[in-house]
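Student:
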Amino acid sequence: MKNLTLIGNWKLNGSKSSIQAFSNEWHGCDHPALTVAIAPPAPYLGYFAKTVASCLLAAQDCSAHDEGAHTGEISAAMLADWGCRYVLVGHSECREAHAESDELIGEKLRQVQAAGLLPVLCVGEDRHARESGTAETVVKAQLRGALLAGQSTALLVAYEPVWAIGTGLTASPEQANDMHAMIKSELYEVLQSEQDIPVLYGGSVNPDNARALFECAHVDGALVGGASLSAESFASIARAGINYLSH
Ligand code: 13P
């Protein structure tokens with residue numbers, strides 16, 4: 017049986033009071049094969065960690081630099097200092113808003129690894145690529161652009177088709193599974209390692225569709241946006257994971 021990782025990405029949402037509300041409703045989801053984390057906005061990392069028990073900490077992004085004159089940036093070492101376990105890199109919203117290149121995303125990824133944390137490399141095609149049949153080519157290029165041959169395998173990948181993010185459209189379990197299988201074979205070729213690198217699915221995951229995604233052979237968990245903002249819906253997704261793991 018595989019392990020599942022569930023990461024909630026709060027994006028530009030949250031406040032002290034919403035973290036308190038989340039904490040009041042969140043009672044943990046205990047299963048040895050399920051890991052659960054939340055990525056709140058960076059200013060709330062410390063507050064989230066001390067307010068919400070039994071949920072690991074993730075960050076939404078980090079700098080490609082380790083220190084120095086980079087106003088507004090946050091280094092991976094600082095995120096480690098705050099107790100983060102995971103750092104998202106290359107989220108499609110960051111790629112678009114900051115015109116991030118695959119090379120820059122690769123530098124961030126290696127900063128995260130150097131700080132002893134686990135990067136979650138986000139990849140995914142837009143609607144045009146999906147409709148024109150070039151989705152795999154786009155995702156392959158994102159992987160190859162960010163990863164170096166033989167580099168550390170301490171990472172996760174999140175496949176998040178851009179057309180499925182925040183739209184209510186989810187990749188079908190078959191579409192997700194096929195892309196995840198391709199990603200895994202690509203990782204194997206680039207990194208030259210038998211190491212099983214978890215590949216999470218993201219894009220309109222909710223309590224109703226989570227179980228079918230978890231059942232896919234190559235889906236190792238989920239990166240959840242909107243449905244992670246309420247403890248109730250995030251816990252339902254986690255319970256779907258536990259039910260799947262316990263069946
Ligand atoms: P939604 O779950 O809101 O579609 O967001 C997905 C996402 O971008 C997570 O990183």
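In the working numbering, the protein residues as written are 17 to 263. Note that beta-carbon positions come from the ideal geometry of N, C-alpha and C, so glycine has one too. Note that the structure is predicted; figures quoted are calculated from it, not measured.
Check for me: the beta strand (DSSP E) holding Cys138 runs from which residue to which?
Tutor: Its beta strand (DSSP E) spans residues Leu134 to Val139.
Student: I need the boundaries of the beta strand (DSSP E) containing Thr87, first residue and last residue.
Tutor: Thr87 -> no beta strand (DSSP E), and no H or E assigned at all.
Student: Skipping 5 residues on each side, what residues in its chain have a beta carbon closer than 7 Å to that of Val52?
Tutor: If we look at Val52 and ignore the five residues flanking it on each side, its Cβ neighbours are Leu22, Cys45, Cys71, Leu72 and Ala254.
Student: Suppose you measure from the CA of Val68 to the CA of Ala58; what does that come to, to the nearest Å?
Tutor: For Val68 and Ala58, the distance between alpha carbons rounds to 15 Å.
Student: Excluding the 5 residues preceding and the 5 following Leu245 in the sequence, name in chain order all residues of the same chain whose CB lies nearer than 7 Å to its CB.
Tutor: Hits under 7 Å: Trp26 and Asn29.
Student: Where does Glu41 land, buried or exposed, given buried means 16+ other C-beta within 10 angstroms?
Tutor: Result: exposed.
Student: Going by DSSP, name the residue or residues bridged to Asn25.
Tutor: For Asn25, which the question treats as bridged, DSSP gives the partners Ala55.
Student: Please determine whether the Cβ atom of Ser246 lies at a distance below 7 Å from any heavy atom of the ligand 13P.
Tutor: Not under cutoff, so the answer is no.
Student: Are Gly218 and Glu176 touching if we call contact CB-CB under 8 Å?
Tutor: Cβ distance < 8 Å, so Gly218 and Glu176 count as in contact.
Student: Mind checking who Ala251 pairs with in its DSSP beta bridge?
Tutor: None, per the DSSP bridge assignment.
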